[in-house]
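Presented below is the structure to which this report refers.
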Amino acid sequence: RLRKWQRKIRISGATERNLAFALSELDRDSSRLGLPRSVRESASVVYRNAVENKLIRGRSIEGVVAASLYAACRRCKVPRTLDEIADVSRVSKKEVGRTYRFLTRELHIRLPPTSPIDYVPRFASELNLSGVVQSKAIEIINQAMENGLTSGRGPTGVAAAALYIASVLLGERKTQRDVADIAGVTEVTIRNRYKELTEQLDMGVNL
Amino acid sequence: MADVEIKVENIVASATLGKSLELPRIAPALENVEYNLEQFPGLVFKLKEPKTAALIFGSGKLVCTGAKCIEDSIKAIHMTVDKIRELDPEIPEEFEIKIQNIVASANLGKVLNLEAVALDLENTEYEPEQFPGLVYRLEDPKVVLLLFGSGKVVCTGAKTADQAQLGVQKTKERLIELYLIEE
DNA sequence: GCTTTAAAAAGTAAGAT
DNA sequence: ATCTTACTTTACAAAGC
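Protein chains in written order, with my numbering: chain V, 1156 to 1362; chain Z, 29 to 211.
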């Protein structure tokens, strides 16, 4: 009984140490990403659930923390791309994505794919674009979705193109380079998306 | 409903020759060969016709990839083994060949709204941020399909062409049932 | 888990022209 | 700006780390 007791203490000690490490890691990543406390809390809930369901086996704590954060960002509608998550954590984009899929499957979390709309507020504010432009961009995105122009396309590229078009339409023009840099896509992608959008949606104007 | 047409794009087959091979002796005697033990334990041997690649192991087992039909896959394996037999007459004439995986493509003929498919179709994974295709896992036949917005489909994991065809057929029927594509 | 092989789908990226 | 090459995803076997 004594041995069992000691073992229990040792194990819970290790468990708590791991949890403490995970939470500090989560705080570090969160602050680097500039995430609100609510998202950190949401991520810690996902992480604790992962621990309770013993899903950490064979996986690094950093990886599970990164995947939990990615999931929390999506759930809270303040998305960060896998690239952004991978950049602040020491986990590759591939592993974050793989761990994310594993966690959502095992914890029965079903999150719809990130909507380009979720990226509009963040990209717009980083570009100093007004609320009017944001609304226009969202309107464009909704039209794009109704016309099947978002299937298979990266949400950031669609959001970037919509913001670029809206900025031009409303006289707050930003260059493709500016938008591309903030959205983390290339100018070529923005060009491809806006050609598609302007050709298939009647925006009434030409860029 | 008319049967969906599929096109077999790649076949992976394995063979067990029943005799171990001395790769270090065989490698330098063959053409179109790559052999780097540090990198991979198998010897890579490529054929132009049928255009395939074979991975040959010291255990006497090999893997053949790239064939577009089962006949070519089997032909390629025999051509490969005949080459090796010239350097090692002990290799049996008869040996087992097993088709391990068949990859096929098809076209549903209708565009797909993947976000809608992701919501209504069971056992799917759709992460456009990572990959433009939606992953659909079928249990019977046990295959995996990649569905694209264009209506094009890729089916993999099948052991026979019929399984791949059935997989695509069932997928199409399920999509029609859920009103995700028109009939 | 990784390494190597092959092939398709469609989107995105990077370097060259 | 457009072309080429290449990487993302799926499945699978092989031997060894």
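Here a beta-carbon is modelled for each residue, glycine too, at the ideal position from N, C-alpha and C.
Have a look at Z:144, Z:180 and Z:101 and flag the residue whose alpha-carbon is nearest the alpha-carbon of residue 32 of chain Z.
If you number the second sequence from 1, residue 32 of chain Z lands on position 4. When only C-alpha atoms are compared, the closest one is Z:180.
Could you compute how far the alpha carbon of residue 1173 of chain V sits from the alpha carbon of residue 1216 of chain V?
For the purposes of this step, residue 1173 of chain V is taken as residue 18 along the first sequence, with counting starting at 1. For the purposes of this step, residue 1216 of chain V is taken as residue 61 along the first sequence, with counting starting at 1. Cα to Cα, residue 1173 of chain V sits roughly 8 angstroms from residue 1216 of chain V.
For residue 195 of chain Z and chain V, any beta-carbon pair shorter than 8 angstroms?
Here residue 195 of chain Z refers to the residue found at position 167 when the second sequence is read from its first residue. Cβ-Cβ to chain V under 8 angstroms: no for residue 195 of chain Z.
Would you say the beta carbon of residue 1271 of chain V is closer than 7 angstroms to some non-hydrogen atom of the ligand FMN?
Absent from the structure shown: the ligand FMN. Ligands present: none.
Could you please give me the residues that DSSP links to residue 96 of chain Z through a beta bridge?
Indexing the second sequence from 1 puts residue 96 of chain Z at position 68. Answer by DSSP bridge pairing: none, since residue 96 of chain Z is not bridged.
For a contact meaning CB atoms closer than 7 angstroms, what does residue 140 of chain Z contact in chain V?
Working through the second sequence from its first residue, we reach residue 140 of chain Z at position 112. For a Cβ distance threshold of 7 angstroms, residue set 1306 of chain V lies close to residue 140 of chain Z, ordered along the chain.
DSSP on residue 158 of chain Z, reduced to helix/strand/coil?
Counting from 1 along the second sequence, the entry for residue 158 of chain Z is found at position 130. Collapsing the DSSP output to three states places residue 158 of chain Z in coil.
Residue 130 of chain Z and residue 186 of chain Z closer than 8 angstroms at C-beta:
Here the question's residue 130 of chain Z lines up with position 102 in the second sequence. Here the question's residue 186 of chain Z lines up with position 158 in the second sequence. Cβ atoms of residue 130 of chain Z and residue 186 of chain Z: closer than 8 angstroms.
Can you give me the Cβ contacts of residue 1307 of chain V inside the same chain, cut-off strictly under 8 angstroms, excluding the 5 residues immediately before and after it?
Position 152 of the first sequence, counting from 1, holds the residue named residue 1307 of chain V. So no residue of the chain qualifies.
Which residues, in chain order, does the segment 1272–1305 of chain V contribute to contact with chain Z at a C-beta distance below 8 angstroms?
Within the segment 1272–1305 of chain V, the residues whose Cβ lies closer than 8 angstroms to some Cβ of chain Z are 1300, 1303 and 1305, listed in chain order.
Using CA coordinates, which residue listed in Z:46, Z:66, Z:76 and Z:190 is at the minimum distance from residue 125 of chain Z?
Indexing the second sequence from 1 puts residue 125 of chain Z at position 97. Of the candidates Z:46, Z:66, Z:76 and Z:190, the one whose C-alpha sits nearest the C-alpha of residue 125 of chain Z is Z:46.
Please specify which runs of the beta strand (DSSP E), each continuous and at least 3 residues long, are wholly inside the segment 1233–1262 of chain V, giving them in chain order.
Within the segment 1233–1262 of chain V, no beta strand (DSSP E) run of at least 3 residues lies entirely inside it.
Let me know the secondary structure DSSP gives residue 115 of chain Z once reduced to three states.
In the second sequence, counting from the first residue as 1, residue 115 of chain Z sits at position 87. Helix at residue 115 of chain Z.
Run down chain V in chain order and give the residues with a C-beta less than 8 angstroms from the C-beta of residue 161 of chain Z.
Position 133 of the second sequence, counted from the start, is the residue given in the question as residue 161 of chain Z. Here the neighbours are 1307.
Here's the rule: buried if 16 or more other CB atoms are within 10 angstroms of the residue's CB, otherwise exposed. What is residue 1164 of chain V?
Sequence index remark: in the first sequence, residue 1164 of chain V carries index 9 (1-based). Under this definition residue 1164 of chain V is an exposed residue.
Residue 1247 of chain V, buried or exposed, once every other Cβ within 10 Å from all chains shown has been counted against 16:
Along the first sequence, read from residue 1 onward, the residue named residue 1247 of chain V stands at position 92. So residue 1247 of chain V ends up on the exposed side.
Determine which residues of the segment 1220–1249 of chain V have a Cβ less than 7 angstroms from any Cβ of chain Z, and write them out in chain order.
Residues 1236 and 1237.
So with CB distances below 8 angstroms, who are the chain Z contacts of residue 1252 of chain V?
Position 97 of the first sequence, counting from 1, holds the residue named residue 1252 of chain V. The answer, in chain order, is 155 and 158.
Assumed close pair residue 36 of chain Z, residue 134 of chain Z - CB separation to whole angstroms, cut-off 8 angstroms:
For this step, residue 36 of chain Z is matched to residue 8 along the second sequence. For this step, residue 134 of chain Z is matched to residue 106 along the second sequence. Rounded, the Cβ-Cβ distance is 10 angstroms, inconsistent with contact.
From Z:156, Z:65, Z:49 and Z:76, residue whose alpha carbon lies closest to that of residue 59 of chain Z
Within the second sequence, the letter at position 31 stands for residue 59 of chain Z. Among Z:156, Z:65, Z:49 and Z:76, the Cα nearest to that of residue 59 of chain Z belongs to Z:76.
Among the candidates V:1175, V:1345 and V:1299, whose CA atom is the shortest distance from the CA of residue 1357 of chain V?
Residue 1357 of chain V sits at position 202 when you count from the first residue of the first sequence. Minimum Cα distance to residue 1357 of chain V is reached at V:1299.
Out of V:1181, V:1275 and V:1225, point me to the one whose CA is closest to residue 1318 of chain V's CA.
Here residue 1318 of chain V corresponds to residue number 163 of the first sequence, with the count starting at 1. V:1275 is the residue among V:1181, V:1275 and V:1225 whose C-alpha sits nearest the C-alpha of residue 1318 of chain V.
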